[in-house]
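Protein chains in written order, with my numbering: chain A, 1 to 171; chain B, 172 to 436.
One structure is given here, and the rest of the page talks about it.
And the structure:
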């Protein structure tokens with residue numbers, strides 16, 4: 001996938017995350033499309049591009065959100081770095097179950113970071129409610145993962161087809 | 172090549188952390204203003220798509236409840252008509268007494284209507300972005316209401332947009348009073364359970380069904396904005412110093428399209 005496509009996808013993801021998904025709220029939760037996209041982009045793009053996009057997406061979400069400024073920029077950057085490290089160690093990031101486990105872990109960690117901030121503000125944290133919301137968000141994120149991965153594959157497939165077509169004509 | 176790549180990675184990580192630190196210190200406000208200005212129309216469009224889809228699915232699932240809901244609403248309309256008639260009479264008497272005692276009349280609130288253009292992008296916290304800012308006279312701490320009920324307060328403002336800290340956020344706190352018994356307490360947002368009125372004195376009376384309004388004490392919130400209705404009262408044991416009441420608010424965050432900011436009275 002090219003950086004230009006990555007940038008367009010990132011911009012679309014930010015707007016969907018700030019406007020459409022919170023209004024839609026499937027099962028009463030806001031799915032984290034941005035996190036799913038950052039992980040998938042980090043698995044496909046060159047390291048510098050994926051880190052740049054992670055910073056861009058995180059920062060725009062930080063600007064659009066009312067709380068925890070800096071949390072998303074830092075977290076998405078760390079998530080992209082972690083995926084890049086897995087790539088470096090030769091992990092097969094085309095394997096859906098591996099990417100799914102990264103998404104689940106990242107969702108739990110990001111929510112724990114938000115809850116830790118709330119705990120510092122001495123807010124009462126009902127565990128049952130938190131577990132229910134987190135489970136619903138994980139389920140939604142996994143559904144999004146399958147959809148977004150399919151879209152990315154379709155986009156990558158079309159690019160390859162076009163490259164082959166152009167190559168064939170030149171030949 | 173390897174060194175160049177390491178340099179790029181360090182630059183991006185540094186850039187990310189720099190953005191976090193500079194933004195945290197408030198140095199990126201001009202950038203935020205420009206971004207808000209450029210993106211707010213598009214965000215409004217995306218929000219409308221989400222609300223439309225959400226409304227459609229809700230409509231489909233709610234059709235079978237329409238008849239009973241309609242009957243309940245009709246009953247409420249009748250009760251409210253009666254209350255409105257009584258209120259008009261009380262208002263008239265109040266005006267006469269104020270004139271006789273030479274007390275100034277209640278000043279009307281100045282409201283600025285604002286479209287909801289964005290939401291908090293994750294769970295657990297509750298914020299909204301509205302399409303009005305300091306150019307329209309909005310400031311931090313001002314009350315935001317919808318249908319006469321408190322939605323929240325403005326937590327940050329740029330020239331063209333403002334962020335609203337919702338009453339249902341677990342870190343929200345405001346002083347409120349029971350409109351019927353005048354019992355006062357602190358209203359706090361709660362994760363998952365809506366609103367709670369805490370620190371109600373043990374000897375005060377609060378009854379389920381009573382309306383709770385802002386007390387006007389502290390901050391910029393004017394007195395008299397409805398916060399919600401008391402649903403249940405707890406902690407009424409002999410050794411309890413304070414009572415706690417669960418509140419119901421009719422504010423549905425995802426259904427809000429237009430809100431009103433109280434800019435002064």
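Positions of the beta carbon are idealized from the N, C-alpha and C atoms, including for glycine.
Treat the numbers as computed from the prediction; the structure is a model and nothing was measured.
message = Rounded to the nearest angstrom, what separates residue 204 of chain B and residue 63 of chain A at their Cα positions?
response = 10 angstroms
task: Could you please give the first and the last residue of the uninterrupted beta strand (DSSP E) stretch that includes residue 417 of chain B?
output: 413-419
Does residue 5 of chain A come within less than 8 angstroms of chain B when only Cβ atoms are used?
Using a Cβ-Cβ cut-off of 8 angstroms, residue 5 of chain A does not count as an interface residue toward chain B, since no Cβ of chain B sits closer than that to its own.
Taking the alpha-carbon positions, what's the residue 21 of chain A to residue 73 of chain A distance? Rounded to whole angstroms, the gap between the alpha carbons of residue 21 of chain A and residue 73 of chain A is 19 angstroms.
Discussion item. DSSP three-state label for residue 69 of chain A, please.
Written reply: Residue state for residue 69 of chain A is assigned as coil, using DSSP reduced to three classes.
Practice prompt. Would you list the residues sitting across from residue 131 of chain A in a DSSP beta bridge?
Written response: Bridge pairing for residue 131 of chain A: absent [DSSP].
- If you count every other CB in all the chains shown that lies within 10 Å of the CB of residue 260 of chain B, and 16 or more means buried, which is it? exposed
query = If you drop the 5 nearest sequence neighbours on each side, which residues of the same chain put their C-beta closer than 6 angstroms to that of residue 77 of chain A?
reply = Within the same chain, 54, 55 come within 6 angstroms of residue 77 of chain A by CB-CB distance, once the 5 residues on both sides are set aside.
Mind checking whether residue 120 of chain A and residue 224 of chain B have CB atoms under 8 angstroms apart? Contact flag unset, no.
Along the stretch 289-304 of chain B, where does the CB come closer than 7 angstroms to a CB of chain A? Name the residues. Answer set for the stretch 289-304 of chain B: 289, 290, 291, 292, 293, 294, 295, 296, 298, 300.
>> Would the stretch 329-341 of chain B count as touching the stretch 383-397 of chain B if we require 3 or more Cβ pairs under 8 angstroms?
In response: no
| field | Rounded Cβ spacing between residue 430 of chain B and residue 287 of chain B (contact assumed at less than 8 angstroms) | value | 6 angstroms
Q) Just reading off the beta strand (DSSP E) that residue 122 of chain A is part of, what are its end residues? A) Unbroken run through residue 122 of chain A: none, as it is neither H nor E.
Margin query: Would residue 145 of chain A and residue 80 of chain A be called neighbours here (beta carbons separated by less than 8 angstroms)?
Written below: Remark: C-beta atoms of residue 145 of chain A and residue 80 of chain A do not approach each other more closely than 8 angstroms.
Leaving out five residues before and five after residue 142 of chain A in sequence, what residues of the same chain have Cβ atoms less than 8 angstroms from its Cβ? Correct list, in chain order: 100, 103, 104.
*Around the C-beta of residue 199 of chain B, are 16 or more other C-beta atoms found within 10 angstroms, so that it is buried, or is it exposed?*
buried
According to DSSP, residues forming a beta bridge with residue 368 of chain B:
B:358, B:416
Any 3 or more C-beta pairs closer than 8 angstroms across the stretch 317-335 of chain B and the stretch 364-375 of chain B: no
Quick check: is the beta carbon of residue 106 of chain A nearer than 8 angstroms to any beta carbon in chain B? no
Q) Which residues in chain E sit within 9 angstroms of residue 417 of chain B, going by Cβ to Cβ distance? A) No chain E appears in the structure shown, which is made up of the protein chains A and B.
Counting along the chain, where does the beta strand (DSSP E) carrying residue 323 of chain B start and finish?
-> 320-328
For residue 344 of chain B, which residues does DSSP report across the bridge?
B:359
| request: Let me know the secondary structure DSSP gives residue 286 of chain B once reduced to three states. | output: strand
Interface residues of the stretch 323-343 of chain B facing chain A [CB-CB below 9 angstroms]: 326, 327, 334, 335, 336, 337, 340, 341, 342
Buried or exposed for residue 413 of chain B, going by 16 or more other Cβ atoms inside 10 Å?
Exposed, because fewer than 16 other Cβ atoms sit within 10 Å of the Cβ of residue 413 of chain B.
Practice prompt. Note the first and the last residue of the continuous beta strand (DSSP E) segment covering residue 165 of chain B.
Written response: Lying outside 172 to 436, the shown extent of chain B, residue 165 of chain B is not represented and no answer is given.
### Task
Return the residues of the stretch 172-192 of chain B that lie within a Cβ-Cβ distance of less than 9 angstroms from chain A, sorted by chain order.
Within the stretch 172-192 of chain B, the qualifying residues are 176, 179, 180, 182, 183, 184, 186, 187, 188, 190, 191, 192.
Item to check | Neighbour-count burial assignment, residue 353 of chain B, 16 or more Cβ in a 10 Å radius | outcome: Classification for residue 353 of chain B: exposed.
**Prompt:** Which class does residue 89 of chain A belong to by DSSP, given the choice of helix, strand or coil?
**Reply:** coil
| field | Any 3 or more C-beta pairs closer than 8 angstroms across the stretch 130-140 of chain A and the stretch 29-39 of chain A | value | yes
CB contact flag (residue 33 of chain A, residue 16 of chain A, <8 angstroms): Yes, the pair counts as a contact, with Cβ atoms nearer than the cut-off.
Please report the residue range of the alpha helix (DSSP H) in which residue 50 of chain A lies. Here the alpha helix (DSSP H) through residue 50 of chain A covers 47-64.
Check: Which bits of chain A does residue 363 of chain B rub up against, with CB to CB less than 7 angstroms?
Finding: For residue 363 of chain B, the chain A residues whose Cβ falls inside 7 angstroms of its Cβ are 126, 129, in order along the chain.
Contact set for residue 58 of chain A: own chain, Cβ-Cβ below 6 angstroms, skip 5 residues either direction:
72, 73, 76
Problem set entry | chain B contact residues for residue 32 of chain A, given Cβ-Cβ distances below 7 angstroms | 293
With a Cβ-Cβ cutoff of 8 angstroms, do residue 379 of chain B and residue 401 of chain B count as a contact? yes
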